[in-house]
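Q: Numbering (the working numbering), first residue to last: 74 to 501.
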Amino acid sequence: MAKTATIDIDGQKYEFPLLTGTENEVAIDIKSLRGVTNGVITLDSGYKNTGSCTSSITFLDGEKGILRYRGYSIEELAEKASFLEVAYLLIFGELPTQEQSVKFHNDIKAQSVVDDDVRKIVDAFPKSAHPMGIISSLTSALTAFNPSSVNVKSEEDMYKAIVKILGKFPVLVAWTLRKKQGLPLDYGDKNLGYVENVLKMMFKQPNEDYVQNQVVVDALDKLLILHADHEQNCSTSTVRITGSSHAGLFASLSAGISALWGPLHGGANQAVLEMLEAIKADGGDTKKYMAKAKDKEDPFRLMGFGHRVYKNFDPRARIIKKAADEVLGDLGIDDPILDIAKGLEKEALEDSYFVDRKLYPNVDFYSGIIYRAMGIPTDMFTVMFALGRLPGWIAQWREMRLNVEPIGRPRQLYIGETERAFVPVDQR
Ligand code: CMC
């Protein structure tokens, strides 16, 4: 017999179906709630208990610290797969065959030229502009340069739009950095792998050849994989809800980038490094900052700590912490910031404030240290997160459109004034 949940409202009982996911997660399907109860809704600000969709892309168990893309563990993917394979897996559901892999990469490379007029937009930004503001605007501008809307009923049309954005986005990332650094805007090299090409486009100096460093290539590949998807987080939900109005793929992605920017989400990687720098400049007194984080009168939070879903550990943080040690070791960098980070982590893990609230280092606690070792400026960190999250956003947008989901439109509990008569200005 199908399982149900009963809600009792003032003695009147209503039954709702219980749905079970493939990992035995249970949800109460309240689709009919408002209709059968004559207007009652659920209220859940921040959506801490609300599922917005069903999805087959990413599974995460916050209690057990599990993260899987399409059933594959993040640990295994980070160790064995390439970013482009993971992108294919997330978007199309299966790991690509050798042939599919080559075709996918070739199709992306074929789309890796951006209309030259986009340079004029890049030129118009002040050098002081934050890179996230530039990249979200440029992504939105791609809509204007590619006005035909994607026919979501055509797999071919959908595929074309996907390879187009995967080809052009790294160019926009590189141009965002180069604009800030006063370097000429250039294109990549079709002979290179996806990640090698990103690095060359970002860092090539006009007067010398760019020499790839395999340690940096592998570390960036891993970082992009770790960031590639994270189910219904703030930016992904933004992409899905924007796309649910049938706004195009590029417009939906641009909205997602804006959502990612905030320091409670993707912007945390920049905030972490700025915090570690501030602690260093302040004499390395980690205890002082721990006290600030615990003080309810002080708005300061320990950036890179805590997560809405992970309440034991963030599996990505474990992989990144190890990678940070390796990358800094391989590159021969002795960064005092890493010691401050490790000290802060140790203290927090032994402090009852953090232990009781289940606050552990998240993915962004150590990622900035690796980005810095690669020579990426602090204000570009969140752009790198966006580059990694791109396939996840695309996969979620595609799934949402293929599932023919209704427009996202939450309800509210109104707590404002009841009806009142207008008062003319001379009587107020
Ligand atoms: N430092 C100090 N206290 C904290 C922190 C922190 N980083 N995070 C949460 N708390 C406290 C919070 O004050 C609250 O305490 P109390 O119960 O006494 O009021 C309790 O822990 C629960 O916090 P919450 O804000 O209700 O939890 P949330 O699930 O709404 O927020 C979070 C999750 C990630 C926004 C939050 O932990 C935070 O602001 N962390 C710092 C920013 C950060 O690192 N963000 C990156 C997240 S991972 C990358 C990504 O995917 O975006």
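All C-beta atoms in this analysis are idealised placements derived from N, C-alpha and C, irrespective of residue type, glycine included.
Considering only heavy atoms of the ligand CMC, does any lie closer than 7 angstroms to the CB of D437?
A: Residue numbering aside, residue 437 sits at position 364 when the sequence shown is read from its first letter. Yes, the Cβ of D437 comes within 7 angstroms of a heavy atom of the ligand CMC.
Q: Roughly how many whole angstroms lie between the Cα atoms of F132 and L163?
A: As a position in the sequence shown, residue 132 is number 59, starting the count at 1. As a position in the sequence shown, residue 163 is number 90, starting the count at 1. Spanning the two alpha carbons is a distance of roughly 12 angstroms.
Q: On the DSSP letters alone, give me the boundaries of the alpha helix (DSSP H) that T110 sits inside.
A: Within the sequence shown, numbered from 1, the residue matching residue 110 stands at position 37. Element bounds for T110: 106-110.
Q: For Q173, which beta-bridge partners are listed by DSSP?
A: Sequence index remark: in the sequence shown, residue 173 carries index 100 (1-based). Bridge partners of Q173: none, in fact.
Q: What residue range is occupied by the uninterrupted beta strand (DSSP E) comprising Y142?
A: Residue mapping note: residue 142 aligns to position 69 of the sequence shown, counting from 1. 139-142 is the extent of the beta strand (DSSP E) around Y142.
Q: Please list, in chain order, all residues of the same chain as P336 whose beta carbon is under 6 angstroms from its beta carbon, the five residues on each side excluded.
A: The residue given as residue 336 occupies position 263 in the sequence shown. Only A344 meet the Cβ criterion.
Q: CB-CB under 7 angstroms to A397, same chain, minus the five flanking residues each way: which ones, in chain order?
A: Residue mapping note: residue 397 aligns to position 324 of the sequence shown, counting from 1. If we look at A397 and ignore the five residues flanking it on each side, its Cβ neighbours are L411, Y439, I442, I443.
Q: With burial defined as no fewer than 16 other Cβ atoms inside 10 Å of the residue's Cβ, what is the status of H319: buried or exposed?
A: The residue given as residue 319 occupies position 246 in the sequence shown. Looking at its Cβ environment, which holds fewer than 16 other Cβ atoms inside 10 Å, H319 is exposed.
Q: Can you look up I330 in the DSSP assignment and give me helix, strand or coil?
A: Along the sequence shown, read from residue 1 onward, the residue named residue 330 stands at position 257. Helix at I330.
Q: Report the CB separation of M231 from V456 in whole angstroms; it is logged as a contact under 8 angstroms.
A: Counted from its first residue, the sequence shown places residue 231 at position 158. Counted from its first residue, the sequence shown places residue 456 at position 383. Contact flag wrong, Cβ pair sits at about 26 angstroms.
Q: If you compare alpha carbons, which of R141, Y260, A292, S325 is closest to S222?
A: Here residue 222 refers to the residue found at position 149 of the sequence shown. Of the candidates R141, Y260, A292, S325, the one whose C-alpha sits nearest the C-alpha of S222 is S325.
Q: Can you determine whether any heavy atom of the ligand CMC sits closer than 7 angstroms to the C-beta of R502, and answer yes or no?
A: The question about residue 502 has no answer here: the residues shown for the chain are numbered 74 through 501.
Q: Looking at the structure shown, is A463 part of a helix, part of a strand, or coil, going by DSSP?
A: The residue labelled residue 463 in the question sits at position 390 within the sequence shown. Checking the displayed sequence, the identity of residue 463 turns out to be Leu instead of Ala. Reduced to three states, the DSSP call for L463 is helix.
Q: Using a threshold of 8 angstroms, state whether the C-beta atoms of S209 and S331 are closer than that.
A: The count along the sequence shown starts at 1 and reaches residue 209 at position 136. The count along the sequence shown starts at 1 and reaches residue 331 at position 258. Contact: yes.
Q: When DSSP builds the beta bridges, which residues end up paired with T77?
A: Taking the first residue of the sequence shown as position 1, residue 77 is located at position 4. DSSP, once it has assigned bridges, lists P90 as partnering T77.
Q: Under the assumption that V400 contacts V288 (Cβ atoms under 8 angstroms), give the Cβ distance between them as a whole number of angstroms.
A: Here the question's residue 400 lines up with position 327 in the sequence shown. Here the question's residue 288 lines up with position 215 in the sequence shown. Confirmed, Cβ separation roughly 6 angstroms.
Q: Since I believe T359 is in contact with I413 (beta carbons under 8 angstroms), could you give me their beta-carbon distance rounded to a whole number of angstroms?
A: One-based indexing of the sequence shown puts residue 413 at position 340. One-based indexing of the sequence shown puts residue 359 at position 286. Going by Cβ atoms, the distance from I413 to T359 rounds to 7 angstroms, so yes, they are a contact pair.
Q: What are the boundary residues of the beta strand (DSSP E) that includes F132?
A: In the sequence shown, counting from the first residue as 1, residue 132 sits at position 59. Per DSSP, F132 belongs to the beta strand (DSSP E) from 131-134.
Q: If you run the structure through DSSP and keep just helix, strand and coil, what is F438?
A: On the sequence shown, residue 438 is found 365 positions in, with the first residue counted as 1. In the structure shown, F438 sits in a helix (DSSP, three-state: H, G or I).
Q: Within this structure, are the beta carbons of L333 and S308 separated by less than 8 angstroms?
A: What you label residue 333 is simply residue 260 of the sequence shown in a count that begins at 1. What you label residue 308 is simply residue 235 of the sequence shown in a count that begins at 1. A contact, by the Cβ cut-off of 8 angstroms.
Q: Going along the chain, which residues of its own chain have a beta-carbon closer than 7 angstroms to the beta-carbon of A328, five neighbours each way excluded?
A: One-based indexing of the sequence shown puts residue 328 at position 255. Answer for A328: T311, V312, T315, listed in chain order.
Q: Is it buried or exposed for L486, if we count other Cβ within 10 angstroms and need 16 for buried?
A: On the sequence shown, residue 486 is found 413 positions in, with the first residue counted as 1. Classification of L486: exposed, given that the 10 Å Cβ count is below 16.
Q: Using the DSSP secondary-structure output, state which residues sit across from I101 in a beta bridge.
A: Start at 1 with the first residue of the sequence shown, and residue 101 comes out as number 28. L91, per the DSSP bridge assignment.
Q: Do you know offhand how far N435's Cα is from E136's?
A: Reading the sequence shown from its first residue, position 362 is the one you call residue 435. Reading the sequence shown from its first residue, position 63 is the one you call residue 136. When rounded, the distance between both Cα atoms is 14 angstroms.
Q: Any heavy atom of the ligand CMC closer than 7 angstroms to the CB of M348?
A: Locating residue 348 in the sequence shown gives position 275, counting from the first residue. No.
Q: Return yes when the C-beta of F378 is under 7 angstroms from any heavy atom of the ligand CMC, and no when it is not.
A: The residue you call residue 378 lines up with position 305 of the sequence shown. Within the cutoff, so yes.
Q: So H300 packs on G461, CB below 8 angstroms; how close in whole Å?
A: Taking the first residue of the sequence shown as position 1, residue 300 is located at position 227. Taking the first residue of the sequence shown as position 1, residue 461 is located at position 388. Yes, H300 and G461 are in contact; Cβ-Cβ is about 3 angstroms, under 8 angstroms.
Q: Assuming I207 and F218 form a contact by the criterion Cβ under 8 angstroms, report the distance between their Cβ atoms to the nearest whole angstrom.
A: As a first step, residue 207 is located in the sequence shown; it is residue number 134 there, counting from the start. As a first step, residue 218 is located in the sequence shown; it is residue number 145 there, counting from the start. At roughly 16 angstroms, the Cβ-Cβ gap does not stay under 8 angstroms, so I207 and F218 are not in contact.
Q: Return the Cβ separation of L346 and F454 in integer angstroms, given the expectation that the two are a contact with Cβ distance under 8 angstroms.
A: Translated into the one-based positions of the sequence shown, residue 346 becomes position 273. Translated into the one-based positions of the sequence shown, residue 454 becomes position 381. Indeed, because the Cβ distance is near 7 angstroms, the residues count as touching under 8 angstroms.
Q: Got a sec: does the ligand CMC put a non-hydrogen atom nearer than 7 angstroms to the Cβ of G329?
A: By one-based count along the sequence shown, residue 329 stands at place 256. Outside the cutoff, so no.
Q: With a threshold of 7 angstroms, establish whether the CB of G339 neighbours any heavy atom of the ligand CMC.
A: As a first step, residue 339 is located in the sequence shown; it is residue number 266 there, counting from the start. It does: the Cβ of G339 is within 7 angstroms (strictly closer) of some heavy atom of the ligand CMC.
Q: Would you tell me roughly how many angstroms separate the C-alpha atoms of N270 and D81, rounded to the nearest one?
A: In the sequence shown, the residue the question calls residue 270 occupies position 197. In the sequence shown, the residue the question calls residue 81 occupies position 8. Answer to the nearest angstrom: the Cα atoms are 59 angstroms apart.
Q: Comparing the CB of R192 with every heavy atom of the ligand CMC, is any distance shorter than 7 angstroms?
A: On the sequence shown, residue 192 is found 119 positions in, with the first residue counted as 1. For the ligand CMC, not one heavy atom lies less than 7 angstroms from the Cβ of R192.
Q: Using the rule of at least 16 other Cβ atoms within 10 Å of the residue's Cβ for burial, across every protein chain shown, is K369 buried or exposed?
A: What you label residue 369 is simply residue 296 of the sequence shown in a count that begins at 1. K369 comes out exposed.
Q: Whose C-alpha, out of K419, E350, V225, is nearest the C-alpha of F378?
A: Translated into positions along the sequence shown, residue 378 becomes position 305. F378 has its Cα closest to that of K419, out of K419, E350, V225.
Q: Is the CB-CB distance between Y433 and K367 below 8 angstroms?
A: Residue 433 sits at position 360 when you count from the first residue of the sequence shown. Residue 367 sits at position 294 when you count from the first residue of the sequence shown. It is not a contact, given that the beta carbons lie outside the stated cut-off.
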